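Here the structure is laid out as structure tokens; the discussion comes afterwards.
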Amino acid sequence: MASSMNAGHPPAARVVVLRTGAPVDVVSERKGSFAAMFARGLRAGVSARGHGKGDGSGAIFDIDVGELDVTVHGADDPLPDTAAWHGVVMTGSPAYVGDDAPWMRWGARLLRHLIDVDVPYLGVCFGHQLLGVAVGADVGENPRGREMGTVDVTLTAAVDDEPLLRHLPPSFLAQVTHRDVVRAPGSRLQVFARAPHDPHHVIKAGRRQWGVQFHPEFDDETVRLYLEARHAAFDEARGDGAAAARLATVSA
35 MASSMNAGHP PAARVVVLRT GAPVDVVSER KGSFAAMFAR GLRAGVSARG
85 HGKGDGSGAI FDIDVGELDV TVHGADDPLP DTAAWHGVVM TGSPAYVGDD
135 APWMRWGARL LRHLIDVDVP YLGVCFGHQL LGVAVGADVG ENPRGREMGT
185 VDVTLTAAVD DEPLLRHLPP SFLAQVTHRD VVRAPGSRLQ VFARAPHDPH
235 HVIKAGRRQW GVQFHPEFDD ETVRLYLEAR HAAFDEARGD GAAAARLATV
285 SA
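Each residue of the sequence shown is one higher than the last, beginning at 35 in our numbering.
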């Protein structure tokens with residue numbers, strides 16, 4: 035597993051990015067891999083909260099971001115040792131959960147393990163959908179069609195009982211590009227937000243295992259690049275000119 039850890043760093047939280055695919059080529063060239071985008075965001079978040087200034091208290095002051103490629107695994111491959119993992123992020127993917135590839139079954143097994151041992155988890159786009167698969171939700175192609183661009187995400191009343199989300203405004207803008215969604219959450223998912231095209235946009239399974247259909251690692255430039263790269267697919271789903279119209283509404 036690739037890692038950014040170097041000797042001499044202060045004590046670090048170990049965060050593992052589970053890679054399930056690559057961005058479109060133009061995004062890879064300009065922004066790097068999904069894992070690279072998450073690593074930048076995670077480190078920026080730690081820095082913004084004032085970590086990195088040791089005070090002798092023994093607290094965690096740094097973050098070590100590792101990477102594991104999910105797509106190389108067979109369904110019955112052994113799971114990794116997660117004892118030293120402080121948190122996990124699963125990326126988006128060009129693959130679809132309905133493909134039910136062997137590596138997806140391995141990934142779902144790993145997610146069930148993370149729930150069982152309570153390792154904090156954030157699944158993004160595909161990682162959000164696979165969390166639903168792992169706990170028996172109905173996940174697949176959105177009957178409303180493909181969604182791309184900037185959308186309004188609206189929190190549900192359930193956030194009142196969830197400290198992690200209470201600081202967020204009642205609605206906020208987010209960047210999306212996806213075809214599949216959690217269509218029905220079933221009995222093991224809590225739903226905390228919706229979007230115009232998707233009523234199950236933020237979910238939780240277990241105590242600290244979360245999924246978000248939007249891409250927190252994307253900025254407005256990234257989603258514009260996606261719309262340009264996939265304009266034919268979006269036009270096919272939404273009608274001629276849909277991608278150009280959506281490009282005009284992209285917002286930071």
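Where a beta carbon is used, it is the ideal one built from N, C-alpha and C, also for glycine. Predicted model only: the values in this text are computed from it and were never measured.
Q. The beta strand (DSSP E) with GLU255 in it runs from where to where?
A. Careful: GLU255 lies outside any beta strand (DSSP E), inside the alpha helix (DSSP H) at 254-263.
Between the CA atoms of ILE149 and ASP195 - distance to the nearest angstrom = 20 Å
Task: Selected residue, minimal CA-CA separation from VAL236, among ALA282, LEU202, VAL50, PRO128 - done: LEU202
*asked:* Measuring alpha carbon to alpha carbon, tell me which residue in PRO250, GLU63, VAL131 is nearest LEU165.
replied: VAL131
| task | With a cut-off of 8 Å on the beta carbons, I'd call LEU259 and VAL51 a contact; round off their distance for me. | result | Going by Cβ atoms, the distance from LEU259 to VAL51 rounds to 21 Å, so no, they are not a contact pair.
Mind checking LEU207: buried by the 16 CB within 10 Å criterion, or exposed? exposed
| task | Note down, in chain order, each residue of its chain lying with its Cβ closer than 6 Å to the Cβ of GLY220, except the 5 sequence neighbours on either side. | result | GLY170, ALA171
**Q.** Closest by C-alpha distance to SER81, when choosing among ASP96, ALA70, GLU63
**A.** ASP96
Of the choices ARG213, ARG241, GLY240, VAL246, whose alpha-carbon is the least far from that of GLU342?
The chain is shown only over 35 to 286; residue 342 falls outside these bounds and no answer can be derived.
Please classify ASP98 as buried or exposed, where buried requires at least 16 neighbouring CB atoms within 10 angstroms. buried
Figure out for me which residue from ASP254, VAL173, ALA227 has the closest Cα to the Cα of ALA282.
ASP254
How long is the line joining the alpha carbons of LEU113 and ASN176, rounded to whole angstroms?
-> 31 Å
_Tell me the rounded alpha-carbon separation between ALA73 and GLY66._
11 Å
Report task. Helix, strand or coil for HIS147, going by three-state DSSP, please let me know. Result -> helix
Open item on the list: I'd like to know whether the C-beta atoms of LEU145 and ALA118 end up nearer to each other than 8 Å.
Closed with: no
- Would DSSP call SER205 helix, strand or coil? strand
Alpha carbons only, please: which of ASP274, LEU198, LEU102, GLY245 is nearest the one belonging to TRP137?
LEU102
- [ ] Run the CB neighbour count on SER127, radius 10 Å, all protein chains shown included, and call it buried at 16 or more, exposed below.
- [x] buried
Next item on the list: Could you work out which residue in PRO250, MET182, VAL187 is closest to GLY157 when comparing CA atoms only?
Entry: PRO250
Could you give the first and the last residue of the continuous beta strand (DSSP E) run that contains ARG217?
214-218
Buried versus exposed, by CB contacts within 10 Å (16 or more), ASP59 | exposed
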